[in-house]
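Protein chains in written order, with my numbering: chain E, 3 to 421; chain V, 27 to 258. Written out below as structure tokens is the structure these notes cover.
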Amino acid sequence: MPGFACALVPFTELAAERWPGVLDQAVELGLPGVMLDLVWRTHERGVGRADFSGARDVRRFLGLAAGRGLWAAVRLGPLFAGESGLGLPERVLGARACQAMGPRGAPRFAPCPWRLVPAPDLGAPALVAELEGWLEVALGALARAAADGHGPRAAVLDLTALLAYHAPPAGALLAAAERLSARVRARLPGVELLQVVGPRAPAELALGLAAGADGLGAPLRAGRGELDPVAARCAGLRALGHAPLGLPLPAGVALFGPVRALDDHIFTSLAGLMHGLEGFALESLVDRRGWTGAPLRADGAPVAEPADWVRRLLRLCARLAPWRLKALGHGGERGLPEVGDPELLLAWHGPAGPEAGRPAEGPGCLWLANPTAAPRSARLRLPAGLQPVDVWRRSELGARPGELEVGPHRLRPLEIAPC
Amino acid sequence: MLAPELASAGVEPEHWARLGRVLAAVAARLGPWPTSPEALARLLEEAAPGLRADMDPIAQLLALARAGAAAGLPVPPALAALGRAPFLLLQAAFDRLWPDGTTLVLYAVDVDLDAVWTSLVLRKERGDVALLGGDGLLGEQGLRAARWREDVPRLLGALAGRVGPAHAALFFTRDGLLELLAAPRPLACLARLRARREALLTPWPWRLAAPLALLGAVLRARELLRPHEGGR
Chain E
3 MPGFACALVP
13 FTELAAERWP
23 GVLDQAVELG
33 LPGVMLDLVW
43 RTHERGVGRA
53 DFSGARDVRR
63 FLGLAAGRGL
73 WAAVRLGPLF
83 AGESGLGLPE
93 RVLGARACQA
103 MGPRGAPRFA
113 PCPWRLVPAP
123 DLGAPALVAE
133 LEGWLEVALG
143 ALARAAADGH
153 GPRAAVLDLT
163 ALLAYHAPPA
173 GALLAAAERL
183 SARVRARLPG
193 VELLQVVGPR
203 APAELALGLA
213 AGADGLGAPL
223 RAGRGELDPV
233 AARCAGLRAL
243 GHAPLGLPLP
253 AGVALFGPVR
263 ALDDHIFTSL
273 AGLMHGLEGF
283 ALESLVDRRG
293 WTGAPLRADG
303 APVAEPADWV
313 RRLLRLCARL
323 APWRLKALGH
333 GGERGLPEVG
343 DPELLLAWHG
353 PAGPEAGRPA
363 EGPGCLWLAN
373 PTAAPRSARL
383 RLPAGLQPVD
393 VWRRSELGAR
403 PGELEVGPHR
413 LRPLEIAPC
Chain V
27 MLAPELASAG
37 VEPEHWARLG
47 RVLAAVAARL
57 GPWPTSPEAL
67 ARLLEEAAPG
77 LRADMDPIAQ
87 LLALARAGAA
97 AGLPVPPALA
107 ALGRAPFLLL
117 QAAFDRLWPD
127 GTTLVLYAVD
137 VDLDAVWTSL
147 VLRKERGDVA
157 LLGGDGLLGE
167 QGLRAARWRE
177 DVPRLLGALA
187 GRVGPAHAAL
197 FFTRDGLLEL
207 LAAPRPLACL
217 ARLRARREAL
227 LTPWPWRLAA
237 PLALLGAVLR
247 ARELLRPHEG
257 GR
């Protein structure tokens, strides 16, 4: 099991009486943890005042999760690209001192569901001061949960979500990250601090964020045809000395944004794993406003296909290491894939067998993901004792008996079984 | 025209993915769009002086198109032209064409699989599109794809009870819809599809039909009057 696997429960969008059922389902799916968002806009009831009651009672939610053996990671933003108003209260969005200004003296704008809003400037002292004020309130609520023994395992900050629309100087962004991180460390001692490093984060910024974080996340909101950025993100994080986390890894489809399907998520997740992903946070476990295709419906009922995918993904992670196979490539035999090998992933999920070992009997499914854009195929040899079940697929994929070939940008499921 | 707090319900992920492809095909017919984040950022920068956070999202879109056209960026000319009209006028026309409290409906059926291929239900309230939904809104009362033509009246009744009466509804076979999207003359293609019973437009109010027919006639006339490529 990877060290960090969880799924977002949008707890403030669910009636509080639904929380136990949803958390029970998370356990049933095999998730060791859940993720939750603390969105400023959702909780603020005036300057310095916040509502943590009823369906916003984060302390109670964390207690219910802990009672089921689930650890929790809390995303603190400060910006949430998928939330109305980027998760900021209107008073902050509308404050000139908090807005990013363009070269013509007009505010820059950025998209959020379903409108354009002034882009906040995370390098602006006024916004950072406002954020510190909100964090103090939010962290206070988490600290009370921690005092109950139900504190979060990890806190997640993402200061790079809007870099496509406004990029403050790296120094200013790092200074903001440092101040916000210091608040988190002070109020939640012992809690892992994770930083999300978006695809547009320059190296200087990524290095700075890595220096102050316990882990780095690569947002993997990519589709099948966009795997190069996934590879680049993961490789970049590994270069910084961190095992990358898929944070977030899509589960379901955001209605606002590029259209993705379950196949895209499967492919992205496998490609991420291939590039050394050592954990993930699925977003979202539950359907919510502006979201469809999650593993659970808003009433907590599981949806067969995506729920099955979550189970398989978790099993796959658990069995990945023992099932690294050998490949033939470029005329010579070599190990494939090493963690981070950008060439090919082989991942097995099959019927339950001895823990972390080969299934005892019956066919399983071998997923082959080859995310290279290069116009060459990857070839590998099945280990002794395994053969494809499906003869048609064998002839489609097999170069020679016992070998398989997968073209670039392809994902193939193949039933295989012991000979 | 569009509520920033747009609600969504009953959207099947596969339907949404297919609808995305349909909408992309429609958008491509309108003209060029900025596709990369860099191009979008440039467009946003050009439009920023004319944007406000409290504008209707469609007004924001039209302002983008207007500013993009003025700056020579790739934006659909029709949107840029609409962007030059006063938004209040556009809102009034929108309200005349589509009454509050009613829905617009689109279905496409995969006749090979006897399944709904994609679906879209939009409900308008107080001048804005306020709900985005799909066949899932109706649960067990959704379209019975195997006999979809006969089932349309029942479906519309269920929709009226659960979501709102349909102001206009379009039902296609999947192949018919794909043919329409690729057709050089969409209105003529639509007429052929109706004749072949691969498209069913019911209800189809004259307030929508007449402007569409007029638009089709104008486009056809422009096409006929345009000098041939390579001529003279």
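All residues carry an ideal CB built from backbone N, CA and C; glycine is no exception. Model, not experiment: these values are computed from the prediction.
Counting only unbroken stretches of 3 or more residues, the beta strand (DSSP E) elements lying wholly within the segment 9 to 55 of chain E are 35 to 39, in sequence order. Cβ neighbours of L315 (chain E) within its own chain (closer than 7 Å, five residues either side excluded): S271. Boundaries of the alpha helix (DSSP H) around H41 (chain V): P39 to L56. Under the Cβ distance rule, P250 (chain E) does not count among the residues neighbouring chain V, no pair being separated by less than 8 Å. At the C-beta level, E85 (chain E) and R47 (chain E) stay beyond 8 Å of one another.
The criterion of a C-beta distance shorter than 8 Å is satisfied by L10 (chain E) and M37 (chain E). The Cβ-Cβ distance between V288 (chain E) and V24 (chain E) falls below 8 Å. Annotation: Cβ neighbours of A166 (chain E) in chain V (cutoff 7 Å, chain order): P63 and A67. With its beta carbon less than 8 Å from one in chain E, Q86 (chain V) belongs to the interface. By the Cβ test, the segment 76 to 92 of chain E is in contact with the segment 136 to 144 of chain E, since at least three Cβ pairs between them sit closer than 8 Å. By the C-beta criterion, the segment 55 to 70 of chain V is judged not to be in contact with the segment 180 to 191 of chain V, since fewer than 3 inter-stretch pairs fall below 8 Å. For T44 (chain E), the nearest beta carbon of chain V is not closer than 8 Å to its own beta carbon.
By a beta-carbon distance limit of 8 Å, A157 (chain E) contacts L195 (chain E). Their separation comes to about 6 Å. Closest in C-alpha terms to L207 (chain E), from the list E:A188, E:G238 and E:L190, comes E:G238. In this model, R180 (chain V) and L148 (chain V) are separated by some 18 Å (Cα to Cα).
Comparing C-alpha distances from E15 (chain E) to each of E:L40, E:L279 and E:A7 shows the shortest one belongs to E:L40. With a beta-carbon spacing of about 6 Å, G281 (chain E) and A7 (chain E) fall inside the 8 Å limit used to define contacts. The continuous beta strand (DSSP E) containing R117 (chain E) extends over residues R117 to P120. For P63 (chain V), there is no enclosing beta strand (DSSP E); the enclosing alpha helix (DSSP H) covers residues P63 to A73.
As DSSP reads the structure, V76 (chain E) sits in a beta bridge with E:L38 and E:A157. In this chain, the alpha helix (DSSP H) harbouring W174 (chain V) covers W174 to R188. Residues of chain E with a Cβ closer than 8 Å to the Cβ of G109 (chain V) do not exist; the shortest Cβ-Cβ separation is about 14 Å. Burial state of D138 (chain V) is exposed, judged by a 10 Å Cβ sphere holding fewer than 16 other Cβ atoms. Residue contact with chain V for A108 (chain E): present (Cβ-Cβ distance below 8 Å to some residue of chain V). By the 16-neighbour rule on beta-carbons within 10 angstroms, A111 (chain V) is exposed. For W42 (chain V), the closest alpha carbon among the candidates E:G104, E:P304, E:P127 and E:W293 is that of E:W293. Interface flag for L124 (chain E) against chain V is unset, since no Cβ pair is found closer than 8 Å. Here the segment 210 to 227 of chain E makes contact with the segment 182 to 202 of chain E; the two share three or more CB pairs at distances below 8 Å. Residue-level contact check: W59 (chain V) does not touch chain E, since none of the beta carbons of chain E fall below 8 Å from its beta carbon. In terms of CA proximity to A195 (chain V), V:L130 leads the group V:G153, V:L130, V:R175 and V:W232. Contacts with chain V at 8 Å (Cβ-Cβ) do not include A309 (chain E).
Taking 8 Å as the cut-off, the Cβ atoms of G254 (chain E) and P39 (chain V) count as close. Across the set E:G153, E:D266, E:D150 and E:G125, the C-alpha of E:G125 shows the shortest separation from the C-alpha of L176 (chain E). Think of a sphere of 8 Å around the beta carbon of S86 (chain E): the chain V residues whose beta carbon falls inside it are P30 and E31, in chain order.
Taking every protein chain shown into account, the CB of A134 (chain V) has 16 or more other CB atoms within 10 angstroms, so this residue is buried.
Put simply, the CB of A263 (chain E) is near chain V, with a gap under 8 Å to one of its CB atoms.
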